[in-house]
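This report concerns only the one structure given below.
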Amino acid sequence: MTQDPSAELEVDDAEWLGQADWVVGGEAARQARKQGLYAGYVLLLFSGIYGFPVLQAIFRTNDRGWLREQLDSPIGVAALVVAIGAVLGAAYWAGRFRGPVVPPLPWIDLVVSTPVDRARAVRRWWRYAVVGGAFVGGVVGLVVGSGLAFAQVTGVVAMVVATVLGVVVGVVGARVWLWAQVRSWPGPDHATTGPSLLWRLPDALRALHAESLRAHSANTSTLAGSAITGNLRTARLSLTRPITHARAVRLRAGRPFAVLVRRDVLGLRRQRVDLVAGAGFTVLGAAVLIWGMAQPAAPSFALGLAMVPLYLGFGSWTEGLRLQADNIGTPALIGTGPLTEAAAHLVAPTGLAAVVLGLAGGFAPAVWAAGLPVLALLAGGHLLAAFRGDPPATMVTPQSRLFWYAMPSVTVVLVGAFLAQAYRTGNPAPEAFCTILVAAVAAWGVSRVRRLTYRHRT
Amino acid sequence: MARVAVLAGEVRASGVGKSIDTTTLLLPTDVAADPGECVVLRGPNGSGKTTLLRIIGGLLEPTTGSATIGGRQADERDRAIRAAVAALIGVPATYRDLTLIDHLVLVDSTWGSDPNTSDDRGLALLEELGIAQLHDRFPHELSSGQEQLFRLALTLSRPCSVLLLDEPEQRLDTTKRQVVAGMIRGRTGGGATVVMACHDPALIEALATRVVDVVPAR
Numbered sequence: 001m002t003q004d005p006s007a008e009l010e011v012d013d014a015e016w017l018g019q020a021d022w023v024v025g026g027e028a029a030r031q032a033r034k035q036g037l038y039a040g041y042v043l044l045l046f047s048g049i050y051g052f053p054v055l056q057a058i059f060r061t062n063d064r065g066w067l068r069e070q071l072d073s074p075i076g077v078a079a080l081v082v083a084i085g086a087v088l089g090a091a092y093w094a095g096r097f098r099g100p101v102v103p104p105l106p107w108i109d110l111v112v113s114t115p116v117d118r119a120r121a122v123r124r125w126w127r128y129a130v131v132g133g134a135f136v137g138g139v140v141g142l143v144v145g146s147g148l149a150f151a152q153v154t155g156v157v158a159m160v161v162a163t164v165l166g167v168v169v170g171v172v173g174a175r176v177w178l179w180a181q182v183r184s185w186p187g188p189d190h191a192t193t194g195p196s197l198l199w200r201l202p203d204a205l206r207a208l209h210a211e212s213l214r215a216h217s218a219n220t221s222t223l224a225g226s227a228i229t230g231n232l233r234t235a236r237l238s239l240t241r242p243i244t245h246a247r248a249v250r251l252r253a254g255r256p257f258a259v260l261v262r263r264d265v266l267g268l269r270r271q272r273v274d275l276v277a278g279a280g281f282t283v284l285g286a287a288v289l290i291w292g293m294a295q296p297a298a299p300s301f302a303l304g305l306a307m308v309p310l311y312l313g314f315g316s317w318t319e320g321l322r323l324q325a326d327n328i329g330t331p332a333l334i335g336t337g338p339l340t341e342a343a344a345h346l347v348a349p350t351g352l353a354a355v356v357l358g359l360a361g362g363f364a365p366a367v368w369a370a371g372l373p374v375l376a377l378l379a380g381g382h383l384l385a386a387f388r389g390d391p392p393a394t395m396v397t398p399q400s401r402l403f404w405y406a407m408p409s410v411t412v413v414l415v416g417a418f419l420a421q422a423y424r425t426g427n428p429a430p431e432a433f434c435t436i437l438v439a440a441v442a443a444w445g446v447s448r449v450r451r452l453t454y455r456h457r458t
Numbered sequence: 459m460a461r462v463a464v465l466a467g468e469v470r471a472s473g474v475g476k477s478i479d480t481t482t483l484l485l486p487t488d489v490a491a492d493p494g495e496c497v498v499l500r501g502p503n504g505s506g507k508t509t510l511l512r513i514i515g516g517l518l519e520p521t522t523g524s525a526t527i528g529g530r531q532a533d534e535r536d537r538a539i540r541a542a543v544a545a546l547i548g549v550p551a552t553y554r555d556l557t558l559i560d561h562l563v564l565v566d567s568t569w570g571s572d573p574n575t576s577d578d579r580g581l582a583l584l585e586e587l588g589i590a591q592l593h594d595r596f597p598h599e600l601s602s603g604q605e606q607l608f609r610l611a612l613t614l615s616r617p618c619s620v621l622l623l624d625e626p627e628q629r630l631d632t633t634k635r636q637v638v639a640g641m642i643r644g645r646t647g648g649g650a651t652v653v654m655a656c657h658d659p660a661l662i663e664a665l666a667t668r669v670v671d672v673v674p675a676r
């Protein structure tokens, strides 16, 4: 059957979508709504049971007057702006490969590809995302605001202000997330995907390309599948861009250990994003560590907080270590033993982190003293992270799997906070205990290398 | 520096089989290959050729029987076995931030070869496989056939006395298959033992000193 070119096709969006819903989407949409409501319920429950008491404990165990002063100071405002900027930046980053609008593949193939107004065809998923963003933002704001208010750091009005601010950040974050999804499609129409799409919502939804929706849907499956099977390499590769930089630079041959170190240095030259991101995180972590260790009034939770960017920074520089772990179970290509190879892959990140922490030691001598154990802790933590392997078969719930993946970072943050606190007080007994703790983490990492390297055979 | 025994390329697999629960992946099979030989494993898809190669390479423990290399039990946890066996079984994970020549220099260097001539060896290997012009490409910039040639280059760039190959002809055109056949013949001529799974009758005809038919479990 052919169409008359002069005729017009009448499309009743509501009717078409109603029929499509009845045939392919209805049950899936109801399921998605149920899952969303359940996730919201769990978040609310966990915020009440864990979030509020933990924040209370942190605020109450620190100098309230000092905290109040910081909240009113330009530094406090700047920290808030940076935190909001980081949330929006993260939303943009995530939107490049997994945006807020991800309908199921049958819906994309059978409904989105029809002449129905695309804004209406995908609006449901956008609404899930924006409501989710507002809800999460609101809950976080409420927990922080009520934590401050109940600890008598601020007045009760802070609860309202923080909740409203959280909702606003959640909504704006969802819009930035969507904008990044629109721009993730490498089509020639980037001139029409400028920042104005942030407030022209229907246009933003109409600008979503069907292929882009498919790609984001596939990325979602890849990420979920990687998390379930423990195949993190697949997830990592789906999040990275292909490297094409500095191809003319050659890896210089040499002794086995040296050439492995040079491999990592060359890799960082070619992946400047990782190099810069690692430097940014490490400098941020070192700055917080200087503040936490040099300022007597600084709250002790700052020391644990400093470990988060330090851990992330170190991780940005350990691609070689992760690839060694990825290669386990394949025939040997590299001539050195697994422990020698792992040690070589730790040289570049440890060296870079040592430079930053060494400079930080110039600002706070306590950082200088704690530098070596912190470096050992980071190296041990990343051995654990790279060689943690698949979650045990007994871990079937999302919470237990999340715990499995977070285990190395949580270990580094907890031990690191304890370690930094010990060096801040300068008491030799806790310092000695921390040295034993760090050695235990490093030994744990080494045992994971051995275990994962040899376990696959059976 | 640890001292590692250099093993002769005598491959013996005696009644090796593999089952997982009630599923049989490989029926008990015998393989014997001596230095300078090329033994071809032949059989339909799913008959267990790859499983057999993994057992011979010490990557997988057999449920029945035993496999040895140079008289030692095939277990890749043994450094001597790792030093003896080079294998292309499955897809090796490559570094996305290294070019082809960088990969070959890295592998060559970690086996303690002369660093002064490492680049030359890498380029010669790529030249032999007809992909020297791609030396500065990253692995993600290759076609599937070029990728297969690169994997072969990676495997052949390390020293070995036993070479295990799982369908080296995959994705290659007739000319390239002949090139690969020439290189495998070169390895056996140099005293290496080659055990490979193969579906190409021409390649089997050209290389096999012995053929082992792997019988499917069902």
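Protein sequence lines correspond, in order, to chains C and E. Using the working numbering, the first residue of the first sequence is number 1, and each one after it goes up by one. Using the working numbering, the first residue of the second sequence is number 459, and each one after it goes up by one. Cβ atoms here follow ideal geometry from the backbone N, Cα and C, with glycine treated the same way.
Quiz item: Taking 8 angstroms as the CB-CB cut-off, is residue 308 of chain C touching chain E?
Solution: no
Quiz item: Are the beta-carbon atoms belonging to residue 176 of chain C and residue 91 of chain C less than 8 angstroms from one another?
Solution: yes
Quiz prompt | Helix, strand or coil at residue 175 of chain C according to DSSP, with G and I counted as helix | solution = helix
Self-check item: N-terminal and C-terminal residue of the alpha helix (DSSP H) that residue 570 of chain E is part of
Solution: Where residue 570 of chain E is concerned, there is no enclosing alpha helix (DSSP H), given that its DSSP letter is neither H nor E.
Quiz item: Applying the criterion that 16 or more other CB atoms from any shown protein chain within 10 Å of the CB defines a buried residue, is residue 403 of chain C buried or exposed?
Solution: exposed
Self-check item: Residue from C:423, C:427, C:428 and C:414 with nearest C-alpha to residue 441 of chain C
Solution: C:414
Practice problem: Note the first and the last residue of the continuous alpha helix (DSSP H) segment covering residue 146 of chain C. | Solution: 123-150
Practice problem: For residue 477 of chain E, write down the residues that DSSP places opposite it in a beta bridge. | Solution: E:482
Quiz item: Alpha carbon to alpha carbon, how far is residue 583 of chain E from residue 611 of chain E?
Solution: 6 angstroms
Quiz item: Beta-carbon separation of residue 652 of chain E and residue 642 of chain E under 8 angstroms?
Solution: yes
Exercise. Return the chain-ordered ranges of every alpha helix (DSSP H) run that is complete within the stretch 536-565 of chain E and spans a minimum of 4 residues.
Key: 537-542
Quiz item: Hey, is residue 564 of chain E's beta-carbon within less than 8 angstroms of any beta-carbon in chain C?
Solution: yes
Quiz item: Any idea if residue 1 of chain C is buried or exposed, counting beta-carbon neighbours within 10 angstroms, 16 or more meaning buried?
Solution: Bear in mind that a pLDDT of 49 at residue 1 of chain C, under 50, signals an unreliable position, so the model cannot answer this.
Quiz item: When you compare only the Cα positions, how much space is there between residue 265 of chain C and residue 304 of chain C?
Solution: 29 angstroms
Quiz item: Buried or exposed: residue 534 of chain E, going by 16 or more other Cβ atoms within 10 Å of its Cβ?
Solution: buried
Quiz item: At a Cβ cut of 9 angstroms, what residues of the stretch 513-529 of chain E count as close to chain C, listed as they run along the chain?
Solution: 515, 516, 517, 518 and 519
Exercise. Taking 8 angstroms as the cut-off, decide whether the C-beta atoms of residue 375 of chain C and residue 354 of chain C are in contact.
Key: yes
Quiz item: Would you call the stretch 331-348 of chain C and the stretch 392-403 of chain C in contact, with 3 or more CB pairs under 8 angstroms?
Solution: no
Practice problem: State the Cα-Cα distance for the pair residue 370 of chain C and residue 34 of chain C, rounded to the nearest angstrom. | Solution: 49 angstroms
Self-check item: residue 214 of chain C - DSSP class collapsed to helix/strand/coil
Solution: helix
Quiz item: So with Cβ pairs under 8 angstroms, would you call residue 608 of chain E a contact of chain C?
Solution: no
Exercise. Would you check if the distance between the CB atom of residue 185 of chain C and the CB atom of residue 204 of chain C is smaller than 8 angstroms?
Key: no
Practice problem: Show which residues of chain C have a CB atom less than 8 angstroms away from the CB atom of residue 486 of chain E. | Solution: Correct list: empty, because the minimum Cβ distance to chain C is about 19 angstroms.
Quiz item: Between the C-alpha atoms of residue 434 of chain C and residue 407 of chain C, what's the straight-line distance to the nearest angstrom?
Solution: 19 angstroms
Practice problem: Kindly list, in the order they appear in chain B, the residues whose Cβ is closer than 9 angstroms to that of residue 242 of chain C. | Solution: This model lacks chain B altogether; the protein chains it does include are C and E.
Quiz prompt | Within 7 angstroms of chain C by C-beta, residues of the stretch 574-587 of chain E in sequence order | solution = 576 and 577
Self-check item: Option in C:100, C:448, C:285 and C:278 with minimal Cα separation from residue 384 of chain C
Solution: C:448
Quiz item: Cβ-heavy atom distance between residue 252 of chain C and the ligand ZN below 7 angstroms?
Solution: Among the components of this structure there are no ligands whatsoever, and the ligand ZN is therefore not found.
Quiz item: What's the gap between the Cα of residue 586 of chain E and the Cα of residue 522 of chain E?
Solution: 40 angstroms
Exercise. For residue 515 of chain E, I'd like the list of residues in its chain whose CB is within less than 6 angstroms of its CB, leaving aside the five on either flank, ordered along the chain.
Key: 543, 545 and 622
Quiz prompt | C-alpha gap between residue 68 of chain C and residue 75 of chain C, whole angstroms | solution = 12 angstroms
Quiz item: Could you give the distance in angstroms between the alpha-carbon of residue 625 of chain E and the alpha-carbon of residue 655 of chain E?
Solution: 5 angstroms
Quiz prompt | Inside the stretch 43-101 of chain C only - beta strand (DSSP E) runs reaching at least 3 residues | solution = none
Quiz item: Going by alpha carbons, who is nearest to residue 631 of chain E out of E:616, E:556, E:509 and E:605?
Solution: E:605
Quiz prompt | Whole-angstrom C-beta distance between residue 595 of chain E and residue 556 of chain E, which should lie under 8 angstroms | solution = Actually they are not in contact, since the Cβ atoms of residue 556 of chain E and residue 595 of chain E sit about 11 angstroms apart, beyond 8 angstroms.
Quiz item: If you check the beta carbons only, do residue 386 of chain C and residue 318 of chain C fall under 8 angstroms apart?
Solution: yes
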